[in-house]
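A short write-up of the structure that comes next.
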Amino acid sequence: MPVGKTCGKENINNRRYQNGQEKVIMEIDKIIGMIQTKSGMSADEANGKVEEKYQELSGLVTKEGAAYLVARQIGIDVPNGNEIKINDVNENSRNVNVVGRIVNVSRINKFKRPDGSEGTVGNIFIADSTGQVRITLWSDQTQMMSEFKLNDVVQIMNGMVKKNLGSIEISLGKYGGIRKIDDMNIIPPAEHLSKIRRVTIKDAKTGNAEIAGTVIQVFNGKFIYSSCSICGMSTNDKCKRHKLENSMVLSAMIDDGTDDMRVTMFGKVAQNVCGVDMQELASMGAEQRYQIIRNNLEGKDFVFDGRVKLNIISDKLELLAENAKALNALEESKKILNEIKGVCD
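The structure is reproduced here in structure tokens:
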């Protein structure tokens, strides 16, 4: 059946499932119709262009995505019916379309490739009302960073999703794109997005949150692993583009009196909480390393903030910590007093 044709019933390729909710995106035949109107192509010619693009990308995009790309190439601004919220982005997401406000822009870093050539990498962090995500730009893509500034609202189109040190990030790949959106009001102001709300474990939901609790158990593990110094990707082999370095990961169970929750920390967050130099830990035996980390963490109070997600295996919420610090009793007392004062006022 040609691309864009449907068979009486709704084309199931036009359905997406997010958090158990079924969502119908723009049908291919509607995009084909837009291509015909704009370009003057016949239906067969438009279908042929979409099929050609689909084959060119070897299944990296759906046929809807291929139709969308063809439409973009001839200057059609196709509404993104498959646009999702940042909190709904996960490692299984493909051809991601998200809109967010720029809340942070990193500097552009240079690195050497194995062939001796120089590459560049930079990050833009965007947020919406549900969460925050890093957009990683490589090599020539980093030149686009000068086009954007803090507080701009941007749209990411056909993004590729991967995990980096436990956190979700989006890259553009060869066929993705990023553009500025003039309507600034579709995303809440930056001052509202930057606030991460403190919640109890019992009341935690998926999304960004701050949680305070006592470490009641450190889970045994390797703790030290090799990762790419640029990508941050865990690997047991050589990264094809960059050099490897030691990094750290640890998981612990915390309890705040309302419930308990697993917290996972990576990289500098894990090292700072552990309080022991990573190279020193790497030189120890596995059991000695575990006992030292247990002694330094168990029974201690910490404040974590990061992304709460559902672990599909345990069917329980867990926190991927992006920041962590020892709980300061004086600061907590002041915070409680300010909250009480705010209620009384």
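Note that the numbering used here has the sequence shown beginning at 86, numbered continuously upward.
Just so you know, even glycine gets a beta-carbon here, dropped at the ideal spot from N, CA and C.
Being a predicted model, the structure only gives us computed values, none of them experimental.
Beta-carbon proximity of residue i to residue j, cut-off 8 Å
i: Val181; j: Val246; result: yes
i: Ala406; j: Phe389; result: yes
i: Val361; j: Ile339; result: no
i: Leu382; j: Ala337; result: yes
i: Arg219; j: Leu278; result: no
i: Val300; j: Gly384; result: yes
i: Ile255; j: Gly244; result: yes
i: Asp213; j: Val184; result: yes
i: Gly204; j: Ser224; result: yes
i: Ile159; j: Ser124; result: yes
i: Ile263; j: Ile241; result: yes
i: Asp200; j: Ile286; result: no
C-alpha distance - residue i paired with residue j, whole-angstrom precision
i: Ser289; j: Asp129; result: Here the sequence assigns Ala to residue 289, which means Ser is not the residue at that position. Whole-angstrom Cα-Cα distance: 52 Å.
i: Ile272; j: Thr215; result: 10 Å
i: Gly150; j: Gln226; result: 21 Å
i: Gly258; j: Val190; result: 19 Å
i: Gln217; j: Met269; result: 17 Å
i: Asp322; j: Gly306; result: Residue placement at Asp322 is flagged as unreliable, the pLDDT there being 49, under the threshold of 50; a coordinate-derived value is accordingly withheld.
i: Lys108; j: Ser418; result: For Lys108, the pLDDT reaches just 36, beneath the cut-off of 50, and the residue's location in the model is therefore unreliable, although a value from the coordinates is still provided. Straight-line Cα distance between these residues: approximately 45 Å.
i: Gly261; j: Asn177; result: 17 Å
i: Glu416; j: Val348; result: 22 Å
i: Cys359; j: Leu404; result: 17 Å
i: Ser399; j: Ile161; result: 44 Å
i: Ile296; j: Lys420; result: 14 Å
i: Val140; j: Lys148; result: Before going on, a small fix: residue 140 reads as Gln here, not Val. For Gln140 and Lys148, the distance between alpha carbons rounds to 9 Å.
i: Gln106; j: Leu422; result: Note that Gln106 scores 32 on pLDDT, short of 50, meaning its location in the model is unreliable; the coordinates nonetheless yield the value given after this. Gln106 and Leu422: Cα-Cα distance of roughly 41 Å.
i: Ile397; j: Lys248; result: 16 Å
i: Ile113; j: Lys138; result: 14 Å
i: Glu343; j: Gly298; result: The question names Glu, but residue 343 is Thr in the sequence shown. When rounded, the distance between both Cα atoms is 10 Å.
i: Asp386; j: Leu142; result: 50 Å
i: Glu372; j: Arg179; result: 40 Å
i: Glu168; j: Asn194; result: 30 Å
i: Phe196; j: Ser202; result: 9 Å
i: Ser311; j: Ser368; result: 14 Å
i: Asn331; j: Phe233; result: 33 Å
Cβ neighbours of residue i in the same chain (closer than 8 Å, five flanking residues each side left out)
i: Asn408; result: Val354, Phe389, Asp390 and Gly391
i: Lys134; result: Ile120, Met126 and Val155
i: Ile281; result: Asn293, Ala294, Glu295 and Asp390
Residue i at chain D interface by Cβ criterion, 8 Å
i: Ala131; result: Protein chains in the displayed structure number just one, and chain D is not present.
Supposed close pair residue i, residue j - CB separation, criterion 8 Å
i: Leu235; j: Met229; result: Not confirmed; about 15 Å, so no contact.
i: Val188; j: Phe210; result: 5 Å
i: Ala294; j: Val303; result: That pair is no contact at about 21 Å.
Own chain, CB closer than 7 Å to residue i, minus 5 neighbours either side, in chain order
i: Leu395; result: Thr291 and Leu402
i: Phe308; result: Met333, Val334, Leu335, Leu366, Arg374 and Ile378
i: Ala156; result: Ile116, Met119, Ile120 and Val163
i: Lys170; result: Asp213 and Thr215
i: Ala275; result: Arg186, Val188 and Asn236
i: Val393; result: Ala289, Lys290, Thr291, Gly292, Ala294, Leu402 and Leu404
i: Asn172; result: Thr215, Gly216, Thr291 and Gly292
Sequence-distant residues of its chain with Cβ nearer than 6 Å to residue i (five each side left out)
i: Gln121; result: Ala131
i: Gln356; result: Met333 and Met363
i: Asp345; result: Met338
i: Asn208; result: Ser191, Arg219 and Thr221
i: Asp237; result: Ile187 and Lys265
For the stretch 326-383, which segments carrying the beta strand (DSSP E) assignment without a break, of at least 3 residues, lie completely within its bounds, in sequence order?
329-340 and 345-351
Pick out the complete beta strand (DSSP E) segments inside the stretch 386-424, 3 residues or longer, and give them in chain order.
DSSP runs (the beta strand (DSSP E)) wholly in the stretch 386-424: 386-396 and 401-411.
Tell me the start and end of each unbroken alpha helix (DSSP H) in the stretch 135-207 that is at least 4 residues and wholly inside, in chain order.
148-158
Report the residue ranges of all alpha helix (DSSP H) runs contained in full by the stretch 265-301; include only those spanning at least 4 residues, in chain order.
275-278
Hey, which unbroken runs of the beta strand (DSSP E) at 3 residues or more fall wholly within the stretch 220-269?
238-249, 252-256 and 262-266
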